[in-house]
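A quick write-up on the structure given underneath.
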Amino acid sequence: MENPTINSMLARRSVRRYKPDQPTDEIVETIVRAGQQAPFASQLYSVLLSRKKKAPFKAPLWFTICVDLYKLERFMKIRGWELVTNDLSLLFFGIQDAAYMAENMVIAAESLGLGSCFIGNAPYLAERIAKEYKLPPRVLPLVGLVMGYPAEDFPPRPRYPLWFTLFEDEYPEFSDEQVAEAMKVMDDGYLAQGYYRKQKAKISLEVEREETFTYNDYSWTEHISRKWGQWYHSPKELLEQLAKRGFTMEERLEHE
Ligand SMILES: Cc1cc2nc3c(=O)[nH]c(=O)nc-3n(C[C@H](O)[C@H](O)[C@H](O)COP(=O)(O)O)c2cc1C
Numbered sequence: 010m011e012n013p014t015i016n017s018m019l020a021r022r023s024v025r026r027y028k029p030d031q032p033t034d035e036i037v038e039t040i041v042r043a044g045q046q047a048p049f050a051s052q053l054y055s056v057l058l059s060r061k062k063k064a065p066f067k068a069p070l071w072f073t074i075c076v077d078l079y080k081l082e083r084f085m086k087i088r089g090w091e092l093v094t095n096d097l098s099l100l101f102f103g104i105q106d107a108a109y110m111a112e113n114m115v116i117a118a119e120s121l122g123l124g125s126c127f128i129g130n131a132p133y134l135a136e137r138i139a140k141e142y143k144l145p146p147r148v149l150p151l152v153g154l155v156m157g158y159p160a161e162d163f164p165p166r167p168r169y170p171l172w173f174t175l176f177e178d179e180y181p182e183f184s185d186e187q188v189a190e191a192m193k194v195m196d197d198g199y200l201a202q203g204y205y206r207k208q209k210a211k212i213s214l215e216v217e218r219e220e221t222f223t224y225n226d227y228s229w230t231e232h233i234s235r236k237w238g239q240w241y242h243s244p245k246e247l248l249e250q251l252a253k254r255g256f257t258m259e260e261r262l263e264h265e
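With the sequence shown counted from 1, adding 9 to any position gets you our numbering.
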């Protein structure tokens, strides 16, 4: 099935080379407006924009999508309400609000001929970003999103087969062979594009394992395994950033 929306969504890929051309204010505002029209639990987000600083991949637009409880509390105060919901629950809703809005921005940008790429380190740099943008407490940088006119062209990246993704009525019992088949779809797809070779993105081994991979066979499932098999053992770093932004994962005290 085809239509302009579906075609644009199926052609989307993360862009990591940009032309220097600045998109107009009208384009920026249209993209953010389209983002805002995403479904929300409580509009628990704000969008920061920088056109000045050196963005990743030299992109002309550098957004940072934040989970924002500050605006909620401001308006509840005007209504004479005190927020009592715990921060973990609010964070779950806030992440969803911010993520759906961000992805709507991505799709809107794509439809206007712009490319984009998420940058995932924002929560780990939350305090630094907060200082830079003078964020009030209770605003948490969730993800960076760079955008601009693409200076590279390539086919979309692979995805798991639909049978490994969509489960009607019952979650299947997968054999190792089936899992390996899904892995192969991903690995062959990334290898065919020379994805990791081009980006020189091989993650080095920090654990006692012998390096046997070259860019001829290093692909997505090994890359992802090396990330989540080696990084971020402890939640401490993230919890500290959350605490500094005024998010607490403990029981809210009665009349704090
Ligand atoms: C939460 C999140 C964080 C990401 N962080 C980065 C990043 O820091 N650097 C980067 O180059 N790409 C980043 N990406 C982009 C992914 O690498 C990319 O979406 C994925 O490889 C699939 O490729 P595609 O978007 O071209 O289909 C991120 C994507 C998401 C959703």
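Backbone N, C-alpha and C define an ideal beta-carbon position, used for all residues, glycine too.
Residue i: first and last residue of the uninterrupted beta strand (DSSP E) it sits in
i	result
Val6	With the chain represented from 10 up to 265, any question about residue 6 goes unanswered, as that position is not in the structure.
Val148	Val148 to Gly157
Residues of its chain near residue i, where Cβ-Cβ distance is below 7 angstroms and the 5 sequence neighbours each way are ignored
i	result
Val76	Leu53, Tyr54, Leu100, Gly103, Ile104, Ala107, Leu149 and Leu151
Met192	Thr230
Glu182	none
Nearest-angstrom Cβ-Cβ length linking residue i and residue j, presumed shorter than 8 angstroms
i	j	result
Gly157	Leu70	6 angstroms
Arg147	Leu78	4 angstroms
Lys236	Tyr224	The pair is not a contact, with the Cβ atoms about 17 angstroms apart (cut-off 8 angstroms).
Leu123	Pro32	6 angstroms
Leu2	Glu82	Because the chain is modelled from 10 through 265, residue 2 falls outside the range shown and cannot be assessed.
Neighbourhood of residue i by C-beta, 6 angstroms cutoff - its chain only, sequence neighbours within 5 removed
i	result
Glu259	none
Ala117	Ile40 and Ala43
Ser228	Asp196, Tyr199 and Leu200
His264	In this prediction, His264 has a pLDDT of 49, which is less than 50 and means its spatial position is unreliable; what the coordinates show is noted afterwards. No residues qualify anywhere along the chain.
Asp226	none
When the options are compared against residue i, the one with the closest alpha-carbon
i	options	result
Glu217	Gln202, Gln239, Tyr227 and Thr73	Gln239
Glu246	Lys140, Pro132, Gln187 and Pro165	Pro132
Asn113	Leu154, Lys86 and Gly89	Leu154
Val24	Leu58, Arg166 and Ile233	Arg166
Leu121	Arg26, Tyr79 and Arg21	Arg21
Asp185	Asp178, Phe173 and Glu177	Phe173
Leu171	Pro159, Ala160, Val188 and Phe163	Val188
Arg26	Ser51, His232, Phe256 and Lys207	Lys207
Ile74	Phe222, Gly129, Pro164 and Thr221	Gly129
Cys126	Pro159, Leu97, Tyr205 and Met10	Pro159
Tyr142	Lys209, Lys61 and Ala68	Lys61
Ala50	Met110, Val37 and Ala68	Met110
Enclosing alpha helix (DSSP H) for residue i [first to last residue]
i	result
Val56	Unbroken run through Val56 is the beta strand (DSSP E), Tyr54 to Ser59; no alpha helix (DSSP H).
Phe102	Asp96 to Ser120
Gly124	First-last for Gly124: Gly124 to Ile128, but that is the beta strand (DSSP E), not the alpha helix (DSSP H).
Pro132	Looking at the DSSP string, Pro132 is not in any alpha helix (DSSP H), and its letter there is neither H nor E.
Glu38	Asp34 to Gln45
His242	Element bounds for His242: n/a, residue is neither H nor E.
Gln31	That residue, Gln31, is in no alpha helix (DSSP H); it is neither H nor E in DSSP.
Asp196	Asp185 to Gln202
Asn16	Pro13 to Ala20
Neighbourhood of residue i by C-beta distance below 8 angstroms, restricted to the same chain and skipping five residues each side
i	result
Lys253	Ala135, Glu136 and Ala139
Phe222	Lys211 and Glu231
Ser17	Ile116, Glu119 and Ser120
Phe163	Arg22 and Gln202
Pro145	Tyr79
C-beta neighbour in chain B for residue i, strict 7 angstroms
i	result
Arg166	Judged by its chain identifiers, the structure shown contains no chain B, having just a single protein chain.
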